[in-house]
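Heads up: the protein sequence lines correspond to chains R and E, in order. Taken in order, the first sequence gives residues 59 to 287; the numbers are from the numbering used here. Taken in order, the second sequence gives residues 7 to 467; the numbers are from the numbering used here. Here's the structure, in structure tokens; my notes come after.
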Amino acid sequence: MRVLVIEDDRVTLDFIVQGLTESGHVADGADNGKDGLFRALEELYDVIIVDRMLPGLDGLSLIQTLRAEGKTIPILILSALGEVDHRVEGLRKGGDDYLVKPFAFSELLARVEVLGRRRESESPESTLNVGDLKLDLLARLVTRAGRPITLQPREFRLLEHLMRHPGQVVTRTMLLEKVWDYHFDPQTNVIDVHVSRLRSKIDKGFEYPLIHTVRGVGYVLRVPEEASA
Amino acid sequence: MYPKKLLRSTALRLAFGYVALFGISALVLLAFIYWSTASYMEQQSDETIEAEIVGLGESYRLTGLNGLRATILQRLGRRPAGSSIYLLTDGHYAKIAGNLDRWPEVEPDEDGWLNLELNVSVSVTSGGQEVSTHPARAKPFLLPGGFHLLVGRDLYELRVFRTRLVRALGWGLALTVALALAGALVVSRSRLRRIGAINDVMGEVMAGNLSRRVPEGATSDDIGELSAKLNGMLSELESLVEGVRRVSDNIAHDLKTPLARLKTRLERLRQTRPDAEVDKAIEEADRLLATFGALLRIARIESGERRAAFQNVDLTAVIDDVAELYAPLIDEGDKKLVLHNAPGIVVPGDRDMLFQAVANLLDNALKHTPPEGRIELSLGRANAHVEIAVADDGPGVPAEERENVLARFYRLDQSRTTPGSGLGLSLVAAVVGLHHGEVVLADNAPGLRVVMTLGYSAAVS
Numbered sequence: 059m060r061v062l063v064i065e066d067d068r069v070t071l072d073f074i075v076q077g078l079t080e081s082g083h084v085a086d087g088a089d090n091g092k093d094g095l096f097r098a099l100e101e102l103y104d105v106i107i108v109d110r111m112l113p114g115l116d117g118l119s120l121i122q123t124l125r126a127e128g129k130t131i132p133i134l135i136l137s138a139l140g141e142v143d144h145r146v147e148g149l150r151k152g153g154d155d156y157l158v159k160p161f162a163f164s165e166l167l168a169r170v171e172v173l174g175r176r177r178e179s180e181s182p183e184s185t186l187n188v189g190d191l192k193l194d195l196l197a198r199l200v201t202r203a204g205r206p207i208t209l210q211p212r213e214f215r216l217l218e219h220l221m222r223h224p225g226q227v228v229t230r231t232m233l234l235e236k237v238w239d240y241h242f243d244p245q246t247n248v249i250d251v252h253v254s255r256l257r258s259k260i261d262k263g264f265e266y267p268l269i270h271t272v273r274g275v276g277y278v279l280r281v282p283e284e285a286s287a
Numbered sequence: 007m008y009p010k011k012l013l014r015s016t017a018l019r020l021a022f023g024y025v026a027l028f029g030i031s032a033l034v035l036l037a038f039i040y041w042s043t044a045s046y047m048e049q050q051s052d053e054t055i056e057a058e059i060v061g062l063g064e065s066y067r068l069t070g071l072n073g074l075r076a077t078i079l080q081r082l083g084r085r086p087a088g089s090s091i092y093l094l095t096d097g098h099y100a101k102i103a104g105n106l107d108r109w110p111e112v113e114p115d116e117d118g119w120l121n122l123e124l125n126v127s128v129s130v131t132s133g134g135q136e137v138s139t140h141p142a143r144a145k146p147f148l149l150p151g152g153f154h155l156l157v158g159r160d161l162y163e164l165r166v167f168r169t170r171l172v173r174a175l176g177w178g179l180a181l182t183v184a185l186a187l188a189g190a191l192v193v194s195r196s197r198l199r200r201i202g203a204i205n206d207v208m209g210e211v212m213a214g215n216l217s218r219r220v221p222e223g224a225t226s227d228d229i230g231e232l233s234a235k236l237n238g239m240l241s242e243l244e245s246l247v248e249g250v251r252r253v254s255d256n257i258a259h260d261l262k263t264p265l266a267r268l269k270t271r272l273e274r275l276r277q278t279r280p281d282a283e284v285d286k287a288i289e290e291a292d293r294l295l296a297t298f299g300a301l302l303r304i305a306r307i308e309s310g311e312r313r314a315a316f317q318n319v320d321l322t323a324v325i326d327d328v329a330e331l332y333a334p335l336i337d338e339g340d341k342k343l344v345l346h347n348a349p350g351i352v353v354p355g356d357r358d359m360l361f362q363a364v365a366n367l368l369d370n371a372l373k374h375t376p377p378e379g380r381i382e383l384s385l386g387r388a389n390a391h392v393e394i395a396v397a398d399d400g401p402g403v404p405a406e407e408r409e410n411v412l413a414r415f416y417r418l419d420q421s422r423t424t425p426g427s428g429l430g431l432s433l434v435a436a437v438v439g440l441h442h443g444e445v446v447l448a449d450n451a452p453g454l455r456v457v458m459t460l461g462y463s464a465a466v467s
């Protein structure tokens, strides 16, 4: 995945670029808005990470310019704490996701990977399939290996979100934002209990597990290699 | 002005003191006036009688019995309804002349005076006569030749005057006290109003609003000076508190970035060299990050910036969502969540922060409820305000600690060993403050009941 990082703080920029490179992506950095905009218009990227506060051209204007040029590339906005975090404003101006600094790199990575593959997965499908698990969005039915599974509405949305991003790490914060639609900071393992309930319904008694825990980061839904091999 | 408050004011107490002092002084003064006036008049009357006796004795010596009788009759005739009493008798007390029928049977006192009671017939306006008793004072005198002379005076007029004097002086005293009292009320009320204003401001400052200032007014009296000094002190206090807060916020912010990097490096290290020690280090870093995150979030909420982004929040839905999110976790701990939600409550606010506040309270309740415990979450209207309450049946918080647990990093001794940053309730307090409300910790008997009252009247969608 090719990622453009536009960030004026050199330390943070290097840190993100290095982290993305180590995770197997190709990352370019720009330390001001104008360079960033130029590169974003000239070259092809899968995701752009842009800091909200930039010298020269600020992040939100940059995004508006890109969108006005007809670029639909997914954009992740970084925002420093202490500013008024107008998440809504950032998203309305054309951003696709919003992350408040300072952040854990694993959180940024998970979001970038989800954003980069979003275009393929968010086509208007009526069924989602991962391995032998099938989710029918219209009939709101879930079956695994042909056996129907009864889910609560929230469990259905949780599974839907995981199945829309198969093989991608989804963090707890992302689940709270996308499935529950709240931006908040749980003090307890409140998400884990929901995932483990879902897991007991769709993994228990089947050939192989589909929901996997990624330590310290979140969860991933995928068919294990030994099972697909 | 509130009468109770007025009664408690030092200004009024001082004024009452002055009224009492003033009243007593006036009483002493008036008593002296009375005493000197009354005794002077009685003395005057006695002296007149004695002078008359001397005069009549002289008249007897010069003109004889007949001359004396003529003089007496003349005097009586001159003042028929006057207050003089004369009686001239022979040696056997038989009346010769005078306006008394017979010699009174009264023992003279040590100075030779007789204190009499006269029956006087008075013409009444309705016609006819009425007999009334008048006090009188008289002195007997023995004339040469064995004749007895009694000269006296009806004291009725004098007594009437004395009564009038007492009444007048009494009214004077009452008027003095009343005027002093009114003056005291006026003076103390104006002072009380100014002191009350200072008191109100101090109450608000104690409640956390350090930006309030005492009205200084134009007068540069002692209260004005006190107000100015208090304001100076408040400004100093505010800047100190602000400074401390800024420092701690800056520290949190400056440390959070390297901490986040540290965590990332540890995560990378774990990928290449899985190790239990690295896992523990990551956990520690997470805990630190969570604490700093909470501190910064509180700082941001308290700055009030988020108010600009307030929108109408369907609180009923928020409460449902929190309950739904936490129900499995509460279930897992063999505890029970009871939800009392009111329909259609909408308030202007920050949806995420309100969610966070309720979630923090549920986290807290969960932490402190024993297994089989019961947690109650309720939303409702109370006195035109919106109230969110979370109650548990855990150990609760002692009454004297309830204020403290809202402060940053404050933890009860018994919960020092349980995980937590001591910031959960501070964040709740900050969120509620953002929504112009207040948090009250109460006894749930047993357990703790936290009530968040939002400062908005409940709108119905």
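Here a beta-carbon is modelled for each residue, glycine too, at the ideal position from N, C-alpha and C. No experiment lies behind these values; they were computed from the predicted model shown.
Which runs of the alpha helix (DSSP H) fall wholly inside the segment 265-346 of chain E and span at least 4 residues, in chain order?
-> Qualifying alpha helix (DSSP H) stretches, in chain order: 282-308 and 321-338.
Is the beta carbon of E:Gly29 sitting closer than 8 Å to the one on E:Leu156?
-> The answer is no: Cβ separation not under 8 Å.
Candidates E:Leu447, E:Lys262, E:His442 and E:Gly430: closest to R:Asp243 by CA position | Distances from the CA of R:Asp243 to each of E:Leu447, E:Lys262, E:His442 and E:Gly430 were compared; the closest alpha carbon is that of E:Gly430.
Which listed residue (R:Ile131, R:Asn90 and R:Gly87) has its alpha carbon closest to that of R:Leu102 | In this structure, R:Ile131 is the residue among R:Ile131, R:Asn90 and R:Gly87 with its C-alpha nearest to the C-alpha of R:Leu102.
Check each candidate in E:Met47, E:Ile201 and E:Trp109 and name the one with the smallest Cα separation from E:Gly97.
-> Closest by alpha carbon: E:Trp109.
With contact counted as at least three CB pairs below 8 Å, one residue from each stretch, are the segment 56-75 of chain E and the segment 205-221 of chain E in contact?
-> Note that the segment 56-75 of chain E does not touch the segment 205-221 of chain E; fewer than 3 beta-carbon pairs, one per stretch, sit closer than 8 Å.
Residue-chain proximity (R:Phe161, chain E), Cβ-Cβ < 8 Å = Between R:Phe161 and chain E, the shortest Cβ-Cβ separation is below 8 Å.
Separation of E:Leu148 from E:Ala44, as counted between CA atoms | Separation of E:Ala44 and E:Leu148 (C-alpha to C-alpha, rounded to the nearest whole angstrom) is 30 Å.
Is there contact between the segment 90-98 of chain R and the segment 281-298 of chain E, where contact requires at least three CB pairs shorter than 8 Å?
-> Too few Cβ pairs lie closer than 8 Å, so no.
Interface positions of the segment 163-174 of chain R facing chain E (Cβ-Cβ less than 8 Å), listed along the chain = Answer in chain order: Phe163 and Ser164.
The segment 65-81 of chain R / the segment 144-158 of chain R touching (three or more Cβ pairs under 8 Å) = A contact is defined here as three or more CB-CB pairs under 8 Å, and the segment 65-81 of chain R fails this definition with respect to the segment 144-158 of chain R.
From R:Lys262 to E:Ala333, what does the alpha carbon distance come to, in whole angstroms?
-> Rounded to whole angstroms, R:Lys262 and E:Ala333 show a C-alpha spacing of 22 Å.
Of all the options E:Gly400, E:Val364 and E:Asn256, which has the alpha carbon lying nearest to the alpha carbon of E:Pro376?
-> The option with the nearest alpha carbon to E:Pro376 is E:Gly400.
Determine the burial state of E:His346: buried for a count of at least 16 other Cβ atoms within 10 Å of its Cβ, exposed for fewer.
-> By the neighbour-count rule (16 or more Cβ atoms within 10 Å), E:His346 is not buried but exposed.
Using a Cβ-Cβ cut-off of less than 7 Å, list which residues of the segment 220-240 of chain R approach chain E; keep chain order.
-> With the criterion set as a beta carbon lying under 7 Å from some beta carbon of chain E, the members of the segment 220-240 of chain R are Trp238 and Tyr240, in sequence order.
Output the distance between the C-alpha atoms of E:Val466 and E:Arg387, rounded to the nearest integer angstrom.
-> Because the pLDDT of E:Val466 is 42, which lies under 50, any placement of that residue in the model is unreliable, and the question is left without a value.
With 16 other CB atoms within 10 Å as the buried threshold, where does E:Tyr99 fall?
-> With fewer than 16 other beta carbons inside 10 angstroms of its own, E:Tyr99 counts as exposed.
How about R:Ile216 and R:His241: are their beta carbons less than 8 Å apart?
-> As written in the sequence, residue 216 of chain R is Leu, which differs from the Ile given in the question. Judged by beta-carbon spacing, R:His241 lies beyond the 8 Å limit of R:Leu216, meaning their Cβ atoms are not closer than that value.
Please confirm if E:Pro334 has its CB atom under 8 Å from at least one CB of chain R.
-> The Cβ of E:Pro334 sits closer than 8 Å to at least one Cβ of chain R.
What three-state label does DSSP hand E:His391 in the structure shown?
-> In the three-state scheme derived from DSSP, where H, G and I count as helix and E and B as strand, E:His391 is classed as strand.
What is the DSSP secondary structure of R:Ile106, reduced to helix, strand or coil?
-> Strand at R:Ile106.
Looking at chain E, which residues of the segment 244-270 of chain R have a Cβ within less than 9 Å of any of its Cβ atoms?
-> Taking 9 Å as the Cβ-Cβ cut-off against chain E, the residues of the segment 244-270 of chain R that qualify are Pro244, Gln245, Thr246, Asn247, Val248, Ile249, Asp250, Val251, His252, Ser254 and Arg255.
With DSSP run on the structure shown, which of helix, strand or coil describes E:His140?
-> DSSP, reduced to helix, strand and coil, places E:His140 within a strand of the structure shown.
Is it right to say E:Ala26 is buried, meaning 16 or more other beta carbons lie within 10 angstroms of its own, or is it exposed?
-> With fewer than 16 other beta carbons inside 10 angstroms of its own, E:Ala26 counts as exposed.
Would you mind listing the beta strand (DSSP E) stretches within the segment 17-105 of chain E that are 3+ residues and don't spill past its ends, in chain order?
-> Within the segment 17-105 of chain E, the complete beta strand (DSSP E) runs of at least 3 residues fall at 90-95 and 101-104.
State whether the segment 31-42 of chain E contacts the segment 189-203 of chain E, with contact taken as three or more CB pairs (one from each stretch) at a distance under 8 Å.
-> They do not touch, by the three-pair rule.
Could you please give the first and the last residue of the uninterrupted alpha helix (DSSP H) stretch that includes E:Gly402?
-> Annotation for E:Gly402: no alpha helix (DSSP H) segment contains it, and DSSP assigns it neither H nor E.
Taking E:Ser196 as the reference, which of E:Leu94, E:Arg357, E:Phe167 and E:Ile229 has the closest Cα?
-> The option with the nearest alpha carbon to E:Ser196 is E:Ile229.
Looking only at its own chain, which residues have a Cβ that is under 6 Å from the Cβ of E:Met359, when we skip the five neighbours before and after it?
-> Sequence-distant Cβ neighbours of E:Met359 in its own chain, meaning closer than 6 Å and more than five residues away, are Val437.
In the DSSP assignment, find the beta strand (DSSP E) that holds R:Thr79 and state where it starts and stops.
-> Where R:Thr79 is concerned, there is no enclosing beta strand (DSSP E), although the alpha helix (DSSP H) it sits in stretches over Arg68 to Glu80.
Starting from the Cα of E:Lys145, find the closest Cα among E:Ser432, E:Asn366 and E:Ser51 and give me that residue.
-> Nearest C-alpha to E:Lys145: E:Ser51.
Quick one: what does DSSP say E:Ala397 is sitting in, helix, strand or coil?
-> Look at E:Ala397 here: in three-state DSSP terms it is strand.
The segment 236-270 of chain E: which residues have C-beta closer than 7 Å to a C-beta of chain R, in chain order?
-> Within the segment 236-270 of chain E, the qualifying residues are His259, Lys262, Thr263, Ala266, Arg267, Lys269 and Thr270.
Helix, strand or coil at E:Lys373 according to DSSP, with G and I counted as helix | DSSP, read as helix, strand or coil, puts E:Lys373 in helix.
Measure the C-alpha to C-alpha separation of R:Ala162 and E:Gly209 and round it to an integer number of angstroms.
-> Those two C-alpha atoms are separated by around 43 Å.
In three-state DSSP terms, what is R:Gln245?
-> It is coil, neither helix nor strand.
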